[in-house]
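Chemist: In the numbering used here, the protein residues as written are 2 to 310.
A virtual CB, placed ideally from N, CA and C, is assigned to each residue, including glycine.
One structure, as structure tokens, below. Some questions next.
This is the structure in structure tokens:
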């Protein structure tokens, strides 16, 4: 191939890649403009802080916002400790042995499972097997063996677990080997090296990956279809502690959630056209919450990179 042909081919390939990048960005911009222009007129304090009414054609979405925040918090509590611990084991202890390869292959396969499969697994394993098994063991009426926030959060935790593990592994592997060797040379144990050297160096990457995976889980619908979400509830999923009268999240109660709220209004509402503005407003709120999670990941990453270790 002559020099001229190589230049032509290089220019063509560069232009093609640039066009694909602009196309992807254009699709995103069109979606955002569509959602913002149709949803911004609906959003106000009443929409954000009141419950829906009149068959979901009026009122607000506060129960769905509250449920989304609650299940996200519970998912964080369940997923991050397990994911980070598993990544530490795979990176610092398992190495390249047979067990480590088996676990990594399982994690990679788990990452490719469709989200609806997680939902079916959640209702079969968490709700029917664990929940109803606990009811039988305790000899109580149906309490654990029904759809609830706890089982929905557990299902979402399984969904985001591969992402947390992989991102944490990458953050741990980015720590210089010389730092580990210097700590070992000073007589530190394996756990002391992990706790005092590796984790402080990798914390920004770990936190960023965890937040991004959680933001993905917060927008999922299929895993919570059968495991705990409800279209409408007359109350929030909370109970009051006796004597002190402090409201606490009830993990054994059902809940409303933004993505599920949008799905039901768009597909199964008795008056889809009347709920269209609320659909766009709810979508805009969900996008804003996801954006805030992603923005917090960027802020934390910058903060920990500048902070002395």
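(1) How would you call residue 5, buried or exposed, if buried means at least 16 neighbouring beta carbons within 10 angstroms?
(2) Leaving aside the five residues before and after residue 171 along the sequence, list all residues of the same chain whose C-beta is less than 8 Å from its C-beta, in chain order.
(3) Identify every run of the alpha helix (DSSP H) within the segment 35 to 70, keeping only runs that are complete inside it and at least 4 residues long; order them along the chain.
(4) Between the alpha carbons of residue 261 and residue 187, how many angstroms are there, rounded?
(5) Take residue 234 as the anchor and find which of 8, 38, 51 has the nearest alpha-carbon.
(6) Excluding the 5 residues preceding and the 5 following residue 298 in the sequence, name in chain order all residues of the same chain whose CB lies nearer than 6 Å to its CB.
(7) What are the start and end residues of the beta strand (DSSP E) that includes residue 248?
(8) Quick check on residue 176: does DSSP put it in helix, strand or coil?
(9) Is it the case that the Cβ atoms of residue 219 and residue 291 are separated by a distance below 9 Å?
(10) Where does residue 241 sit, in a helix, a strand or coil, going by DSSP?
(11) Between residue 81 and residue 72, what straight-line distance do the alpha-carbon atoms span, to the nearest angstrom?
(12) Compare the C-alpha of residue 46 against each of 33, 100, 60 and name the closest.
(13) DSSP state of residue 227, grouped into three classes?
(14) Cα separation between residue 91 and residue 192?
(15) Pop quiz: residue 75 and residue 154 are said to be a contact at Cβ under 8 Å. What is the actual Cβ separation, rounded to whole angstroms?
(16) Would you identify the three-state DSSP class for residue 256, choosing helix, strand or coil?
(17) What are the start and end residues of each continuous beta strand (DSSP E) run of 3 or more residues lying completely inside the segment 141 to 192, in chain order?
(18) Give me, in chain order, the residues of the same chain whose beta-carbon lies closer than 6 Å to that of residue 202; leave out the 5 immediate sequence neighbours on both sides.
(19) Suppose you measure from the CA of residue 185 to the CA of residue 194; what does that come to, to the nearest Å?
(20) Counting Cβ pairs closer than 8 Å, one from the segment 34 to 46 and one from the segment 270 to 286, do we hit at least three?
(21) Considering only their Cβ atoms, is the gap separating residue 158 from residue 253 smaller than 9 Å?
Modeler: Looking at the coordinates:
(1) With fewer than 16 Cβ atoms within 10 Å of its Cβ, residue 5 is classed as exposed.
(2) If we look at residue 171 and ignore the five residues flanking it on each side, its Cβ neighbours are 206, 210.
(3) Within the segment 35 to 70, the complete alpha helix (DSSP H) runs of at least 4 residues fall at 46 to 50.
(4) Between residue 261 and residue 187, the C-alpha separation is close to 54 Å.
(5) Ranked by Cα distance from residue 234, the options 8, 38, 51 are led by 51.
(6) Same-chain partners within the cutoff: 209, 212, 213.
(7) Unbroken beta strand (DSSP E) run through residue 248: 247 to 250.
(8) In the structure shown, residue 176 adopts coil according to DSSP, grouped into three states.
(9) Taking 9 Å as the Cβ cut-off, residue 219 and residue 291 qualify as a contacting pair.
(10) In this structure, residue 241 counts as strand in the three-state DSSP scheme.
(11) So the alpha carbons of these two residues sit roughly 14 Å apart.
(12) Taking only the C-alpha atoms, the option nearest residue 46 is 60.
(13) DSSP, reduced to helix, strand and coil, places residue 227 outside both helices and strands of the structure shown, so it counts as coil.
(14) Residue 91 and residue 192 have their C-alpha atoms spaced approximately 14 Å apart.
(15) Contact annotation, residue 75 with residue 154: C-beta distance approximately 4 Å; criterion of less than 8 Å satisfied.
(16) Three-state result, residue 256: strand.
(17) If we require 3 residues or more, the segment 141 to 192 turns out to have no beta strand (DSSP E) run fully inside it.
(18) These residues qualify, in order along the chain: 176.
(19) Going by the C-alpha atoms only, they are around 7 Å apart.
(20) Contact holds: three or more Cβ-Cβ distances are below 8 Å.
(21) Using a Cβ distance threshold of 9 Å, residue 253 and residue 158 do not count as a contacting pair.
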